[in-house]
Each structure stands twice: as structure tokens, then as C-alpha cells.
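Its first residue numbered 0, the sequence shown is counted upward by one per residue in numbering that gives the first Met the number 0. Structure record follows, encoded as C-alpha cells.
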Amino acid sequence: MTESTVNPKRPFRGKPRGRDLPPVALAALRMLLGDERTDPSLRLRDRLIEHLHVLQDAHGHLSLAELRALAAYMALPMATVYETATFYAHFDVVHDDQAPPPEVTVRVCDSLSCQLAGAEALRKRLAAGFAPETVRVVRAPCMGRCDTAPVAEVGHHHVLYATPEGVEAVVDTGHFHPEAILWQRLADYRGAGGYRLLAACRDGEVSVEALIGELERSGLRGLGGAGFPTYRKWQAVRAEPGPRYAVINADEGEPGTFKDRHYLEREPHRFLEGALISAWAVEACALYIYLRDEYPGLHRVLREAIDELVAAGLVAPDFVILRRGAGAYICGEESALIESLEGKPGKPRHRPPFVAQRGLFDRPTLVNNVETVYWIPVIHEKGADWFADQGRHGRRGLRSFSLSGRVKRPGVHLAPAGITLNELLQEYGGGMQEGHRLAGYLPGGASGGILPASKADIPLDFDTLQAEGCFIGSAAVIVLSDQDDLRAVATNLLAFFADESCGQCTPCRVGTEKMLTLLERDAWDVEQLERLSRVMMDASICGLGQAAPNPVLGLLRDFRDELAGQNVIVKG
């Protein structure tokens with residue numbers, strides 16, 4: 000094409016499509032991320048979310064210019080980078096015609112436990128008290144600190160038992176860094192016998208078969224929610240051809256759950272020993288830890304603990320890879336977690352194949368929860384029978400209950416599997432708060448359903464609650480009282496599911512929004528709600544959409560009188 004034939008109305012013909020990238024933008028990116036020309040690993044797709052975090056932390060937002068530069072840096076389409084950045088709640092994408100957010104962001108947790116503790120009133124007072132051009136006040140889902148509700152986060156600093164005055168003081172002082180954590184260092188853990196089992200495994204003193212047998216006798220099951228027997232998961236992954244990977248799911252985003260944080264903050268090396276043993280058991284070529292972004296202090300703890308292991312020669316450099324979530328509850332689902340680890344939006348995969356067959360980087364992958372592997376060294380030290388014999392009411396093992404809501408002593412309580420809610424309250428939780436009478440409880444967080452006070456003597460464990468339309472999940476127990484608004488409880492839970500739906504499948508994406516709309520009406524139409532629930536439970540791709548109706552169905556089944564007393568008309 001000659002110059003004379005160029006159409007003046009089509010000035011971009013003959014040039015690459017898209018916007019020109021100023022060389023200075025790529026140079027600035029290399030200053031932050033490193034030079035991809037000399038380190039090609041920086042361009043790998045699974046580094047995308049990590050790179051986005053670096054940019055967000057450096058500037059407080061993600062401009063489109065930076066995303067264009069990152070796309071060129073990683074040799075990815077701009078659409079891919081943009082789609083990933085906008086999927087996660089903790090990335091603030093700012094378009095060319097938009098102003099960046101204020102330097103200070105205050106996030107107020109709006110999960111159920113915080114709502115019961117007055118989070119909405121706190122948020123309104125903070126929003127009215129700060130100038131919006133200097134401080135942004137936003138709602139945020141569960142921060143994993145339900146025992147200290149209400150909770151606010153200023154920058155990366157969490158304010159526990161938050162008040163307007165307390166949050167304002169943090170803003171004024173500019174202390175936006177994570178709170179300090181005192182944790183057991185490597186020398187102290189080894190002095191108490193730590194890493195002996197790992198050494199015995201590596202030296203051949205303990206065989207994989209023997210350890211699998213111990214886990215089978217102990218009855219240890221996945222403690223992230225599904226409750227799949229741990230030994231069977233190991234066997235399934237070992238049966239697949241290598242290379243294999245091991246992944247730890249530390250993305251406990253279920254409202255009401257904070258047990259994993261509890262253990263990681265105190266004994267990270269016990270967790271790491273169990274994680275390394277699980278990786279050894281399946282002959283994994285690498286161990287990935289996916290930690291939720293709401294735990295910024297723990298990112299530092301785990302980085303330092305891993306560095307201790309490398310310095311001591313207990314693990315090879317880069318064998319343990321710590322990855323940072325970005326604010327997406329759906330990434331607690333194991334296949335969505337795998338997608339996120341690969342640098343993609345965390346959307347669940349269709350199954351089969353299962354992640355044990357084709358998981359991370361399309362290879363067989365073992366995915367375990369934090370608490371599950373935490374127990375492995377203890378079970379070997381004290382014996383499988385010791386663990387199994389801890390149960391109550393015919394159940395086996397121990398459960399770490401995240402107890403919150405209207406109780407005197409909220410927190411993580413290690414109790415026998417099969418304990419009842421009444422027993423948990425009286426023996427561990429100190430009873431109900433003054434002036435409150437037990438009305439109901441959530442046995443397994445937002446997705447586990449709701450049970451009335453009349454059913455507080457059912458053993459709390461895997462397989463004991465299904466007949467009631469509930470499940471224990473990660474043992475996040477939220478206690479409700481006679482003073483709580485049941486409509487507000489239901490709308491809080493459904494609003495959470497609607498916000499956190501990944502949007503991939505219509506039954507979940509549309510169903511959660513539709514159910515929330517139905518719950519906000521003065522009259523609840525039972526036929527409509529039950530029909531919608533069936534569609535969501537039968538047709539949603541993953542557990543989010545399948546479990547979202549559980550609390551609503553529980554209220555319709557067991558709380559008709561209470562709803563009527565709170566002026567909710569139940570039709571049908």
C-alpha cells in the first residue's frame with residue numbers, strides 16, 4: 000500500500016491495533032517487578048496476580064496504563080490482564096477518565112457475626128465522619144476475626160472490637176501496617192521435637208503406607224469443609240502418574256471461620272511440617288500455599304518461616320511457594336483455587352476430571368486444608384487411637400470450632416467431634432451473652448444452614464446434620480439469640496453469596512440475586528423460594544450456588560413462628 004492510497008479516515012491501517020505503550024511505562028514496571036528480559040520466569044502466567052498485588056500495593060490502585068504495560072511485560076492480551084484484575088475485590092482498577100481512590104481505605108466487615116455486633120451502624124458513622132476525598136469507607140466480606148467483632152481494616156491494619164473512635168485514631172496515626180504476631184520460631188519448634196516425623200519420612204524410617212494407615216485409623220478427614228478422608232485423598236493422587244503437586248488451601252473465607260488463622264499465627268512450623276509431609280507422601284515436585292489476602296500479617300510470618308526452613312537446609316529454595324489471594328470467597332473451592340494459582344480468575348472447573356487427576360498446571364494435585372495437615376505430626380506422635388478416641392456421642396476425633404455470635408467467650412475452641420451446641424456453649428463458650436436467649440445457630444458458617452434452639456442437642460460432626468438440611472463444614476458456629484432479626488440474618492447471608500458468586504453459571508449468578516430480592520419483600524413466597532432453591536442446588540457448577548439456599552430453607556422449615564413474630568409473612 001502506497002502513501003497515496005491510505006484512507007485518511009482510517010489512520011490506524013498498517014499499524015498495530017491498540018494504544019501505543021510509552022517506553023517509560025515498561026521501564027517503571029521493571030523497576031517494581033524485575034527485568035523479564037533476564038528472568039523469563041517473571042513472564043509466566045501464574046505470576047500475574049502476584050504482579051497485580053505489587054502494583055496495587057505500590058500505588059493504591061491499578062491504572063489502565065499500568066495494566067497495558069503489564070500485558071506487554073508478560074506478553075499477554077490486555078483483555079486477559081483486565082479480566083483477572085477486575086475479578087478480584089482487592090484490586091482497584093481505575094479507568095483513564097476516573098480519579099484514583101483516596102490514599103486511605105477503611106473496610107468494615109459486614110459478615111453475619113460483625114452485623115450482629117453493630118457493623119452497619121459503625122460503617123455509617125465512619126462514612127459520615129470522614130471526608131470522602133481523603134478516606135474511603137467500604138463494606139467488606141468476612142475478615143476471619145469473627146471472635147472480635149465488629150472488625151474494620153485500615154490499610155492492612157485490623158481494628159478489633161472496632162469503634163468509630165478507635166478507627167479514627169488509627170487513621171490519624173497512619174499505622175496502616177499489619178499487627179505484630181508472636182509465633183513459634185524454628186529453633187523452638189525443633190527443640191520441642193518438631194520436624195522429627197518429616198526427617199523419619201525422608202530417611203525411610205516411616206513409610207508412606209504406614210503413615211496412610213495411621214491416618215486411616217485416626218479418622219482424620221478434610222477440615223476445610225468437605226470432610227473427605229485424608230488418607231483416601233492421598234491414595235487418589237498417588238495413583239496418578241507424576242509429576243504431581245501439593246497445594247494447601249489457606250483461603251478460609253467462609254463467614255464465621257477463623258480456625259486456620261488461629262493455628263497459623265501460633266505454630267506455623269507445625270503446619271509447615273504437616274504440609275511438607277503431605278507433599279512427600281505424593282512425591283510432589285512443589286508445594287504451593289494459597290493464603291487469603293485478609294491475613295496480611297500471616298504473609299510475613301509464613302515467608303519468614305519458609306526462609307528459616309531454607310536456611311536450615313530442611314527444604315530446597317523455591318520448593319515451598321507462597322501465593323496471595325485477592326479477595327474472592329469462591330477461591331476456597333479447590334478447582335477455583337487452582338485457577339487462581341495459575342493467574343486466572345477464580346472460576347470453578349467442571350468435573351470430572353477432578354484436581355487429583357488434573358489440577359495445577361494440568362497435573363495431579365493434592366489439595367489439603369491448613370488444619371488437616373496441622374494434625375499429622377500430632378497424630379503420629381500421640382497415636383491414631385489417641386485422636387480417634389477424642390470424640391463424643393459415638394463420633395471420632397477433635398474439631399476446632401470457630402465460635403462467634405451471641406456467646407460470652409467467642410474464639411477457637413478445640414472440642415470433641417460430636418459435641419452438641421448446648422455442650423459447646425456451656426463447656427467452652429461460657430453460655431449466652433447477658434440478656435440473650437438461644438434462638439438458633441449456624442453449625443457450618445453461611446453455607447451450612449440454620450438450626451433452631453430445639454435442635455441444639457444434635458451431635459456436631461460430619462454426616463450428623465444432613466437429615467436436618469445442614470452440614471458442619473469448617474465448624475464455624477454462629478449463635479443467634481431471640482433479639483436477632485431473622486430477615487436481616489437471611490438477607491445478610493444471601494447478599495454475601497450474591498456478591499461472591501463468580502458469575503460463571505446462571506443458576507448461581509441469577510439465582511442468588513433473585514433469592515435476595517424475594518427475601519427483601521414483606522411476604523416470603525414459599526413455593527417460589529423452594530423452586531428457586533431446587534434449581535440452584537441441582538444446576539450450579541459448584542458448592543457456592545448449591546449451598547446458598549441452605550439458610551433460607553432452614554428458616555422456612557424451623558422458624559415459621561419466629562418469622563411471623565418479626566412481621567415476616569410466610570405464604571405457603
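In this text, a Cβ means the ideal position worked out from N, Cα and C, and glycines have one as well.
For secondary structure counted as the beta strand (DSSP E) over 3 or more consecutive residues, the segment 124-168 holds these complete runs in sequence order: 134-139, 151-153 and 156-158.
Here the segment 284-303 makes no contact with the segment 198-207; the two share fewer than three CB pairs at distances below 8 Å.
Between R237 and V281, the C-beta spacing is below 8 Å. Nearest C-alpha to G212 among P228, G223, C113 and C501: P228. Each of L51, V366 and A57 was checked against the Cα of L222, and the nearest Cα belongs to V366. Between R269 and G193, the C-beta gap is smaller than 8 Å, which places the two residues in contact. Inclusion of L424 and V411 in the CB contact set at 8 Å is not warranted, their separation being larger than that value. With 16 or more other Cβ atoms from the protein chains shown falling within 10 Å of its own Cβ, R144 counts as buried. For V281, there is no enclosing alpha helix (DSSP H), since its DSSP letter is neither H nor E. Within the same chain, Cβ atoms closer than 8 Å to the Cβ of T463 are found at R394, G417, I457 and I471, the five residues on either side in sequence being excluded.
Among the bridge pairs identified by DSSP, Y289 is matched with N248 and R322. For the options L528, M77, P140 and L301, the alpha carbon positioned closest to that of Y262 is the one of L301.
The C-beta distance from E264 to L297 rounds to 7 Å, short enough to meet the 8 Å contact threshold.
An exposed status is given to D96, since fewer than 16 other beta-carbon atoms sit within 10 Å of its beta-carbon. Listed as beta-bridge partners of K232 by DSSP are no residues whatsoever. Taking C-beta atoms as the reference points, L402 and G428 count as a pair closer than 8 Å. For D524, the enclosing beta strand (DSSP E) starts and ends at A522 to D524.
The bridge partners DSSP lists for I568 are A522.
CA-to-CA, the gap between P149 and P351 works out to about 41 Å.
Across the structure, V105 and V207 are spaced so that their CA atoms are roughly 48 Å apart. Nearest to P140 by alpha-carbon distance, out of P451, M514, R195 and H89, is H89. In this structure the segment 243-257 does not touch the segment 374-382; the number of beta carbon pairs closer than 8 Å is below three. Taking a contact to require three or more Cβ pairs closer than 8 Å, the segment 477-494 and the segment 553-562 qualify as touching.
Within the segment 495-565, the complete beta strand (DSSP E) segments of 3 residues or longer fall at 522-524, listed in chain order. Collapsing the DSSP output to three states places T104 in a strand. For T79, the three-state secondary structure derived from DSSP is helix. When DSSP states are grouped into helix, strand and coil, F86 belongs to the helix group.
Distance from V53 to P101 at the Cβ level is roughly 21 Å; contact not present, criterion being Cβ atoms closer than 8 Å. Straight-line spacing of the CA atoms in F400 and A414 works out to 7 Å. Here L552 is near G468, since their CB atoms are less than 8 Å apart. Using a 10 angstroms sphere on the CB of W385, the tally of other CB atoms stays under 16, which defines it as exposed.
Taking all protein chains shown into account, G173 has fewer than 16 neighbouring C-beta atoms within 10 Å of its C-beta and is therefore exposed. Residue A489 holds the alpha-carbon nearest to the alpha-carbon of A547 among A489, D557 and V567.
Cβ contact annotation for D557 (same chain, cutoff 8 Å, sequence separation greater than five): G439, I449, L450, P451, S453 and K454, in chain order.
Contiguous alpha helix (DSSP H) elements confined to the segment 364-397 occur at 369-373, 375-381 and 383-387, taking only those with 4 or more residues. A direct Cα-to-Cα measurement between L493 and T37 gives close to 48 Å.
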